[in-house]
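Peer 1: Going by our numbering, the sequence shown runs without a break in its numbering and finishes at 322.
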Amino acid sequence: MKLVKYSVNRLNAIKDEIVAISPGVLPGVEKVSAALIQAEQNRVIVESSDASEAFRVALATRYGADAVVVRQVPDEGFDGAQARWNDTSVGGFYGGARISTSVGSCTNAFSWRYSGYQAMITAGHCTSLNGSVSTLSEYQGSVVKDTWNNSTGTVYIDGQSTYRGDLSLIRLSGSKKSAARIYVGNSTSGSSRAVAGMWSRRPGYGDQYCTGGSTAGELCGWKVNALKINVRYSGGQYARNMTRGYKQGQCTRGGDSGGPVYTVNSAGKVVAKGVHSGGGGGGSDGWGGALDPCREYFTDVYEAYYGFPGVIATS
Numbered sequence: 008m009k010l011v012k013y014s015v016n017r018l019n020a021i022k023d024e025i026v027a028i029s030p031g032v033l034p035g036v037e038k039v040s041a042a043l044i045q046a047e048q049n050r051v052i053v054e055s056s057d058a059s060e061a062f063r064v065a066l067a068t069r070y071g072a073d074a075v076v077v078r079q080v081p082d083e084g085f086d087g088a089q090a091r092w093n094d095t096s097v098g099g100f101y102g103g104a105r106i107s108t109s110v111g112s113c114t115n116a117f118s119w120r121y122s123g124y125q126a127m128i129t130a131g132h133c134t135s136l137n138g139s140v141s142t143l144s145e146y147q148g149s150v151v152k153d154t155w156n157n158s159t160g161t162v163y164i165d166g167q168s169t170y171r172g173d174l175s176l177i178r179l180s181g182s183k184k185s186a187a188r189i190y191v192g193n194s195t196s197g198s199s200r201a202v203a204g205m206w207s208r209r210p211g212y213g214d215q216y217c218t219g220g221s222t223a224g225e226l227c228g229w230k231v232n233a234l235k236i237n238v239r240y241s242g243g244q245y246a247r248n249m250t251r252g253y254k255q256g257q258c259t260r261g262g263d264s265g266g267p268v269y270t271v272n273s274a275g276k277v278v279a280k281g282v283h284s285g286g287g288g289g290g291s292d293g294w295g296g297a298l299d300p301c302r303e304y305f306t307d308v309y310e311a312y313y314g315f316p317g318v319i320a321t322s
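#1: Report, in whole angstroms, the separation of the C-beta atoms of A246 and N237, which I expect to be a contact under 8 Å.
#2: Please state whether the Cβ-Cβ distance between V231 and K276 is less than 8 Å.
#3: Tell me whether E83 is buried or exposed, calling it buried when 16 or more other Cβ atoms sit within 10 Å of its Cβ.
#4: Which residue or residues does DSSP assign as beta-bridge partners of P267?
#5: Exposed or buried, G103, counting other C-beta atoms within 10 Å across all chains shown (16 or more means buried)?
#6: CA-CA distance, A126 and V308?
#7: Relative to the ligand SAM, is the shortest distance from any of its heavy atoms to the C-beta of G281 smaller than 7 Å?
#8: Less than 7 Å between C-beta atoms, sequence neighbours within five positions excluded: which residues of the same chain meet that for D86?
#9: Measuring alpha carbon to alpha carbon, tell me which residue in D292, W206 and T259 is nearest G285.
#10: DSSP three-state label for Y304, please.
#11: Using the rule of at least 16 other Cβ atoms within 10 Å of the residue's Cβ for burial, across every protein chain shown, is K280 buried or exposed?
#12: How would you label G289, buried or exposed, when you count the other beta carbons within 10 angstroms and need 16 or more for buried?
#13: In angstroms, rounded to a whole number, what distance separates the CA positions of G296 and D263?
#14: When the Cβ atoms of the segment 20-28 are set against those of the segment 194-212, are three or more pairs found closer than 8 Å?
#15: To the nearest angstrom, how far is it from the Cα of S96 to the Cα of T169?
#16: Once the 5 residues before and after S144 are set aside, which same chain residues still bring their CB inside 6 Å of it?
#17: Does the segment 63-75 come within contact of the segment 8-25, defined as at least 3 CB pairs closer than 8 Å?
#18: Among Q48, V80, E47 and V36, whose alpha-carbon lies nearest the alpha-carbon of R69?
#19: I need the boundaries of the beta strand (DSSP E) containing D153, first residue and last residue.
#20: Label Y216 either buried or exposed according to how many other C-beta atoms from any shown protein chain fall within 10 Å of its C-beta, with 16 as the threshold for buried.
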């Protein structure tokens, strides 16, 4: 048996991260069109229109000089039209897309409808009440409801006596629309699925689900292991009445907050389970193993249903 430096799991982790990581973390990665494992050489091949020394050094620094090699290919001209990082109101905004606010960069979860208005929901810690929200392509709207105080964490809203996790309701501007769809696939994917509605019940122990952040892309294989948990985040805020899941493999990343939590039914449509709030585990490389699995916290979509006016948009 031949001994190799990198395990199959490690090579898969590198391959998966390269197509999900943001250019802000790995400059030049936006030129990558594909990543694949070359098993006989125990390395990952990155196909990119950028084979500059700066990009090769960045890859070597992050993954190891002998773990990744760049194969230069022609620029295939991916335009990102109606994709996670280029979501527009043409055809309606989708869930799972990158958004930008005064607080930072996050992800939209699901389209919403209330009192005749078109809307979206995301995580409350991603926004500020009455604050503006944009995709990376255009202005989207403003926050009209929020279950989160950016200093302390989850708060009661509208005189209610139930903590409703980490949520924001974004009312779209003017005649802009949102569609009952979410992006699926990796962080640059333009693929999407229609949303059938909410899960038939609240989360239960052992439930499996997927997350769909704009940084890590679609990650499945999560399992619920805690319900109605209160979590102290690194900034000192408490997220109250949350659901926690775990998995091995790639963990969620910064910028995934606010993204959809879901399953897919037999008809191929998305069934909404919640809104991603935060995560941890996986060590410095964000890759969870048996001893340090990925952790993920989300707000049950029923908290949005009972806390906000209106309902999820369906198709």
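Each residue gets a CB set at the ideal place from its N, CA and C atoms; glycine is no exception. The structure displayed is predicted, hence computed values, not measured ones.
Peer 2: The structure says:
#1: Mapped onto the sequence shown, residue 246 falls at position 239. Mapped onto the sequence shown, residue 237 falls at position 230. That belief holds up - the Cβ atoms of A246 and N237 are roughly 7 Å apart, short of 8 Å.
#2: Stepping through the sequence shown from its first residue, residue 231 is reached at position 224. Stepping through the sequence shown from its first residue, residue 276 is reached at position 269. Result no, Cβ atoms of V231 and K276 do not sit closer than 8 Å.
#3: The residue labelled residue 83 in the question sits at position 76 within the sequence shown. Reliability of the predicted coordinates at E83 is poor, the pLDDT of 45 falling under 50, and no value is obtained from them.
#4: Here the question's residue 267 lines up with position 260 in the sequence shown. BP columns for P267 point to V282.
#5: Reading the sequence shown from its first residue, position 96 is the one you call residue 103. Classification for G103: buried.
#6: Here residue 126 corresponds to residue number 119 of the sequence shown, with the count starting at 1. Here residue 308 corresponds to residue number 301 of the sequence shown, with the count starting at 1. Approximately 15 Å between the Cα atoms of the pair.
#7: Among the ligands in the structure shown, none appear at all, so the ligand SAM cannot be discussed.
#8: For the purposes of this step, residue 86 is taken as residue 79 along the sequence shown, with counting starting at 1. Below a pLDDT of 50, predicted positions are generally treated as unreliable, and D86, at 46, falls in that range; the measurement from the model is reported next regardless. Correct list: empty, nothing qualifies.
#9: If you number the sequence shown from 1, residue 285 lands on position 278. Closest by alpha carbon: T259.
#10: Within the sequence shown, the letter at position 297 stands for residue 304. In the structure shown, Y304 sits in a strand (DSSP, three-state: E or B).
#11: Locating residue 280 in the sequence shown gives position 273, counting from the first residue. With 16 or more other Cβ atoms within 10 Å, it is buried.
#12: To locate residue 289, count along the sequence shown from 1; it is residue 282. So G289 ends up on the buried side.
#13: Here residue 296 is taken as the residue at index 289 of the sequence shown, counted from 1. Here residue 263 is taken as the residue at index 256 of the sequence shown, counted from 1. Using only the alpha carbons, I get a separation of about 20 Å.
#14: yes
#15: Looking up residue 96 in the sequence shown gives position 89. Looking up residue 169 in the sequence shown gives position 162. The alpha-carbon atoms of S96 and T169 are separated by roughly 34 Å.
#16: Here residue 144 is taken as the residue at index 137 of the sequence shown, counted from 1. Excluding positions up to five away in sequence, the list reads N93 and T95.
#17: yes
#18: Against the sequence shown, residue 69 aligns to sequence position 62. Nearest C-alpha to R69: V36.
#19: For the purposes of this step, residue 153 is taken as the residue at position 146 of the sequence shown. Its beta strand (DSSP E) spans residues Y146 to D153.
#20: Position 209 of the sequence shown, counted from the start, is the residue given in the question as residue 216. Per the 10 Å Cβ criterion, buried.
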